[in-house]
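Enquirer: Got a structure here, written out as structure tokens. Questions coming.
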Amino acid sequence: MAQRPGFPIKFSTQEKVAPAKVPAKKTASTNPQGLGLDSSAVRQRMVQKLAAQGLKDPMVLQAMGAVERHRFVESALVNQAYEDTSLPIGLGQTISKPNVVARMIELLLEVTDGKLGRVLEIGTGCGYQAAVLSHVATEVYSIERLKGLHEKARSNLRHFRLANVHLLFGDGMLGYPKGAPYAAIISAAGGETLPQPWLDQLAVGGRLVAPTVTASGQQALMVVDRTAQGFKQSVLEAVHFVPLKSGIS
Ligand code: SAH
């Protein structure tokens, strides 16, 4: 079992620690002040677990290792930020499990060589997945229907200064035609069916990944590839996402 960090965790605000100032023998487990327990090491352990679970795209693993998930959760939940669990982010919504975020982005990258072009994310939530996407795509358009979360994401992301992330407030069921066509579309909320605008706004050669209710009444990951001949749909594993809702609030 990997050793769990004690509470309260002290995350270093600066990732690059000047080596000369760090006493050679101090480690995360022996340092009583927790100075060695920097978030980078905790994230690397999370990445190792993701790799052990079968995730293998180097770009995705690199992005998961780079984005500080603890900056997206309430301070009371910071000690769980790198565990493979979904966490509440307010207004009845949740930040997805790291494993699910990595899995979905890995699926998107399967159909491209290298980075993705423009990506549309439905359900910004706290902004975590948008930050991960910013490492694997040239532009990220992320739309959220709850004003409170849209604003929270804006404030969470300010720290990272990600020039390629565009946060939008609106009903993601309509997509975002101004950024279309998209190389990839990813939804963090699950509906009964796939909204037509998403299919319309997907580029030829692009891929859409979204939780959707299947014939059995359960939610599963749906993958849609758009080819010159039309759309090809596959149903993957069962998942549990918050519901996709229409309108704004
Ligand atoms: N990617 C997010 C996950 C948030 S949970 C993160 O990293 O935190 C899913 C989000 O989808 C919720 O915030 C919910 O409000 C939002 N959502 C649901 N239906 C939506 C819609 N039609 N348009 C935009 N956002 C929607």
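For the sequence shown, position 54 (counting from the first letter as 1) is numbered 614 according to our numbering, and the numbering increases by one without interruption. We put the CB at the ideal spot given by N, CA and C, even for glycine. Please read these numbers as outputs of a predicted model, since none were measured by experiment.
#1: Along the chain, where does the beta strand (DSSP E) containing L781 start, and where does it finish?
#2: Quick one: measure Cβ to Cβ for L804 and L781, integer angstroms, because I've assumed they're closer than 8 Å.
#3: Any heavy atom of the ligand SAH closer than 7 Å to the Cβ of E752?
#4: If distances are taken between C-alpha atoms only, which option among G732, M733, V671, V627 comes closest to A690?
#5: Check whether the stretch 685-701 and the stretch 715-733 are in contact - that is, three or more C-beta pairs closer than 8 Å.
#6: Taking the CB atoms as reference points, tell me whether G750 and V773 lie closer together than 8 Å.
#7: How long is the line joining the alpha carbons of S794 and Q778, rounded to whole angstroms?
#8: Would you mind giving the Cβ-Cβ distance between V799 and V607, rounded to the nearest angstrom? I have them listed as a contact below 8 Å.
#9: Can you give the beta carbon distance from D731 to I665, rounded, assuming they're within the 8 Å contact cut?
#10: So L727 packs on A713, CB below 8 Å; how close in whole Å?
#11: How many whole angstroms separate the CB atoms of H624 and A662, which I take to be in contact at a CB cut-off of 8 Å?
#12: DSSP state of Y688, grouped into three classes?
#13: Apart from the five residues just before and just after F791, which ones in its own chain have a Cβ nearer than 6 Å to its Cβ?
#14: Taking 6 Å as the limit between beta carbons, can you name the residues of its chain near G816, skipping five residues before and five after?
#15: Spell out the partners DSSP gives Q653 in its beta bridges.
#16: Do you know offhand how far A788's Cα is from L762's?
#17: Let me check one thing: in DSSP terms, what residues is P771 bridge-paired to?
#18: Does the beta-carbon distance from Q653 to G687 come in below 8 Å?
#19: Go ahead and pull the three-state DSSP assignment for G625.
#20: State the CB to CB distance for the pair P757 and L734, rounded to an integer number of angstroms; the pair is presumed to be in contact (CB under 8 Å).
#21: Can you name the start and end residues of the beta strand (DSSP E) that R678 belongs to?
#22: Which residues does DSSP pair with S747 in a beta bridge?
#23: If contacts are defined as beta-carbon pairs under 8 Å, then P658 and R705 qualify, I think. What distance do you get, rounded to the angstrom?
#24: Only counting the same chain, and skipping five residues up and downstream in sequence, which positions put a Cβ closer than 6 Å to that of S702?
Expert: A quick look at the data gives this:
#1: Its beta strand (DSSP E) spans residues 779-787.
#2: Contact doesn't hold; Cβ gap of about 14 Å is too wide.
#3: Placement of the Cβ of E752 at a distance of 7 Å or more from every heavy atom of the ligand SAH is found.
#4: Just measuring C-alpha positions, the residue of G732, M733, V671, V627 sitting nearest A690 is V627.
#5: Look at the beta carbons and you see the stretch 685-701 touching the stretch 715-733: at least three pairs across the two are nearer than 8 Å.
#6: Result yes, Cβ atoms of G750 and V773 sit closer than 8 Å.
#7: Taking the straight line from one Cα to the other gives about 15 Å.
#8: About 21 Å separates the beta carbons of V799 and V607, which is beyond the 8 Å limit, so they are not a contact pair.
#9: So it is not a contact: roughly 23 Å between Cβ atoms.
#10: With 8 Å as the limit, L727 and A713 qualify as a contact, their Cβ atoms being about 6 Å apart.
#11: Correcting the residue identity first, residue 624 is Met in this sequence and not His. For M624 against A662, the beta-carbon gap comes to about 5 Å, under 8 Å, which counts as contact.
#12: The three-state secondary structure of Y688, taken from DSSP, is helix.
#13: Excluding residues within five positions, the ones whose Cβ falls inside 6 Å are V784.
#14: Only positions 561 to 809 of the chain appear in this structure, which leaves residue 816 out of reach.
#15: Bridge pairing for Q653: G650 [DSSP].
#16: A788 and L762 have their C-alpha atoms roughly 12 Å apart.
#17: DSSP lists L781 as partners of P771.
#18: No.
#19: Of the three classes helix, strand and coil, the one that applies to G625 here is helix, per DSSP.
#20: Their Cβ separation, rounded to whole angstroms, is 5 Å, which keeps P757 and L734 in contact under 8 Å.
#21: Counting along the chain, the beta strand (DSSP E) containing R678 begins and ends at 676-682.
#22: Answer is I682, bridged to S747.
#23: Not a contact, Cβ separation roughly 24 Å.
#24: Cβ neighbours of S702 beyond the five flanking positions: E681, T684, A690, L727.
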